[in-house]
Amino acid sequence: MQPTVEVPMFSWYIWGILIVGTFLMTLIGTWLIARRWEK
Amino acid sequence: MNPQYLNIPTPTASMITGSIIGVGVLMFVAIFLGVMAKRKWMSFEEYLVGKRDIGPWVTGLALTGSYISGWAFCGSTAVVYTVGFSGMWFAGIWTLVGIIPTVWLAATKTRDFAAKLGAATIPETIGRRFESKGLQTLIAASMLFFLFIYSVGQLKAAGTVWFAVTGLPPIWCLLISVCIAWLFLVLGGYMGTQWFIAVKGAFLGFVGMLLGVWALIYAGGFTEISKALMVQNPKLLGLINPSLPHIGMTQLFSSYIGILATPVIFFTMSIGFPHNVSRFLGMKKLSRKEFVTLCFVVWLTAGIPVMLDCSSNGLVARIIFGGNLLANKQWGADLSAPMLAWAVGGTGMLSMYLTGLIGAALGTLSAMVFIMSANVTRDIIKLWWPETSDKSMLYLGYFLIALFLFLPFWWTLNKPPALLAVFMGLAAMGLGAIFFFVTVVSYYWKRATKWGAILTVLYGTAATLYGGWAVLGRKPPLLGMGTMEWILIAGCFILYFAVSLATKPPSKELINKLFSPMQ
Chain A
108 MQPTVEVPMF SWYIWGILIV GTFLMTLIGT WLIARRWEK
Chain B
12 MNPQYLNIPT PTASMITGSI IGVGVLMFVA IFLGVMAKRK WMSFEEYLVG KRDIGPWVTG
72 LALTGSYISG WAFCGSTAVV YTVGFSGMWF AGIWTLVGII PTVWLAATKT RDFAAKLGAA
132 TIPETIGRRF ESKGLQTLIA ASMLFFLFIY SVGQLKAAGT VWFAVTGLPP IWCLLISVCI
192 AWLFLVLGGY MGTQWFIAVK GAFLGFVGML LGVWALIYAG GFTEISKALM VQNPKLLGLI
252 NPSLPHIGMT QLFSSYIGIL ATPVIFFTMS IGFPHNVSRF LGMKKLSRKE FVTLCFVVWL
312 TAGIPVMLDC SSNGLVARII FGGNLLANKQ WGADLSAPML AWAVGGTGML SMYLTGLIGA
372 ALGTLSAMVF IMSANVTRDI IKLWWPETSD KSMLYLGYFL IALFLFLPFW WTLNKPPALL
432 AVFMGLAAMG LGAIFFFVTV VSYYWKRATK WGAILTVLYG TAATLYGGWA VLGRKPPLLG
492 MGTMEWILIA GCFILYFAVS LATKPPSKEL INKLFSPMQ
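Protein sequence lines correspond, in order, to chains A and B. Mapped onto the numbering used here, the consecutive letters of the first sequence carry residue numbers 108 to 146. Mapped onto the numbering used here, the consecutive letters of the second sequence carry residue numbers 12 to 530.
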């Protein structure tokens, strides 16, 4: 997690993965709960 | 001061006028909502919890509003401005990892348990879930203690920024704000608080998103930000900064033990915060579509704006102001977010940001103060002296709300006692570690017992006090903040499960009633 001097964009890649990852987490988790919703 | 970068501007007439108008509108909205909500309650019970008919939009926005405090809105940007990218782990990049599971795990369960048990507060819900008045009292006392400590610093950022932006002493702005907060809490009760926090949540989500996206465009995108930071100091781009001390607060930026603790802190803190979970007490029974709406509202308003606040905003502020804000001994990095708003969007954006910040501080404080007041009236006095009239409880509640609002106000203007200031840093972690297990895990694990819950509360409280001393009070610190989080979580986990397994569970009738689908 430290080679930012060589690759200045490295931290942004991790940041982007976190943004997309948490979005997918929200989407998939909500879908999994909603599909088992009691009528 | 480095002339290569921008500096803090001197307050202008338009900055002062814009700020006064913004806060004036906020106060007007608060009074209006309080008056409207006054018609919605007829009894002490309804004052505390409404009619349990609030929909997903208001509930979701209110959750955002209670969770995003002055610190989340302002302090998170300051952390990243100061230490660079490595600050984002603690500053809130994990916000969604906490707040979305709060909706998943706590929303419908809190609503159903409270409705089945006829409970109006979280301590009452849990006390009745374990058939224990002693546990209800202990939880109320523990919440009161932690929320009191945590509330002390809530207005600090708002007061500081108000003074820096307008040049006017914060006393009148904050005094009028807390008086109006008292008015809408007294008039509107739970409903009024929920509505005000929801409006604030929507506004914060909008301002946070606008500022975050605007700042990224203003800076020329990710590549330009990286290039500018490389020129200043390449360490600002590192995801970890090992040169900072590995004990004390900075462990969260400097070591893997600290950084790995940050998602756990955000997960337990969001789910464990009583002022978050209480947003579901007055919620209606949701359909599938309404549940999905609730998740979407929270993701949109709490997730993305805070993730920008706690990462790119601080970095853009750094490339605009360099280290100039740090050189200011009076305010330091606290001004990074409002100054960023001014630099990218001028006076209009600054006024909106300041209004949002005062709303953030006041909304979170109001949510906490309302719970603290109910901890005393409903969970202690009414519990042990049920013959006390509802009218007496209401009047006592009004007084306690005034008291709990006034003390943070007082300590914003005057330095809080040293001990309070030290423990404040760990109060959020303590609240999270204890009430994640005692509240939310107890909704799912039938075998949990009151003794497991009691020992978790006692251990968590004692460990937090020790942590306050070992991490923040002692010079030099004995432990890192992340290590302390692991000690807190591991101890609460072991005690909650081991003691529960070794002691007698609640009656089968109660368990069947609670864990059967709601009719």
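We put the CB at the ideal spot given by N, CA and C, even for glycine. Since the model is a prediction, treat every value here as computed from it, not as a measurement.
If you check the CB distance, Gln205 of chain B and Val69 of chain B come in under 9 Å. For Trp68 of chain B, no CB of chain A lies under 9 Å from its own CB, so it is not counted at the interface with that chain.
For Leu125 of chain A, the chain B residues whose Cβ falls inside 7 Å of its Cβ are Ile104, in order along the chain.
For the set B:Lys49, B:Tyr364, B:Val451, B:Tyr409, the Cα lying nearest the Cα of Gly199 of chain B is the one of B:Lys49. For Leu416 of chain B, the closest alpha carbon among the candidates B:Arg63, B:Leu194, B:Glu142 is that of B:Leu194. By the C-beta density criterion, Ser54 of chain B is exposed, having fewer than 16 other C-beta atoms within 10 angstroms.
In this model, Gly71 of chain B and Ala385 of chain B are separated by some 22 Å (Cα to Cα).
When CB distances to chain A are screened at a threshold of 8 Å, not a single residue of the segment 43 to 64 of chain B falls below it. Annotation: Met280 of chain B has no Cβ neighbours in chain A at a cutoff of 7 Å; minimum Cβ distance is about 16 Å.
One finds nothing in chain A with a Cβ atom closer than 7 Å to the Cβ of Trp225 of chain B; even the nearest lies about 17 Å away. Considered as a whole, the segment 232 to 292 of chain B harbours 233 to 243, 262 to 265, 267 to 283, 285 to 288 as its complete alpha helix (DSSP H) runs of no fewer than 4 residues, in chain order. For a cut-off of 8 Å, the C-beta gap from Leu74 of chain B to Ala131 of chain B is around 19 Å, too long to register as a contact.
A straight line joining the alpha-carbon of Val91 of chain B with that of Val197 of chain B spans about 38 Å. The beta-bridge partner set that DSSP reports for Ile498 of chain B is empty. Put simply, the CB of Ser237 of chain B is near chain A, with a gap under 9 Å to one of its CB atoms. Segment contact: the segment 390 to 398 of chain B against the segment 132 to 148 of chain B, three or more CB-CB distances shorter than 8 Å; contact assigned. At a cut-off of 9 Å, the C-beta of Arg299 of chain B has a neighbouring C-beta in chain A.
In the three-state reduction of the DSSP assignment, Ile182 of chain B falls in the helix class. Residues of the same chain with a CB within less than 7 Å of the CB of Gly45 of chain B, apart from the 5 flanking positions on each side, are Leu194, Phe195, Leu198, Gly199, Gly203 in chain order.
Against chain A, the CB of Leu469 of chain B has no partner CB under 9 Å away; the residue lies outside that interface. The three-state reading of DSSP puts Ile65 of chain B in strand, counting E and B together. Met294 of chain B is bridged by DSSP to B:Ile65. Under the DSSP definition of a beta bridge, Gly491 of chain B partners with B:Gly259.
The segment 385 to 454 of chain B contains no complete beta strand (DSSP E) run of 3 or more residues. Of all residues in the segment 88 to 120 of chain B, only Phe96, Ile104, Leu107, Val108, Ile111, Trp115 place a beta-carbon less than 7 Å from a beta-carbon of chain A.
In the DSSP assignment, Met47 of chain B falls within the alpha helix (DSSP H) that extends over 24 to 49. Neighbours of Ile135 of chain A in chain B, taken as residues whose beta carbon is under 7 Å from its own, are absent, since the nearest beta carbon is some 11 Å off. Just so you know, the alpha carbons of Gly370 of chain B and Lys515 of chain B end up roughly 46 Å apart.
Bounds of the alpha helix (DSSP H) holding Thr129 of chain A are 117 to 142.
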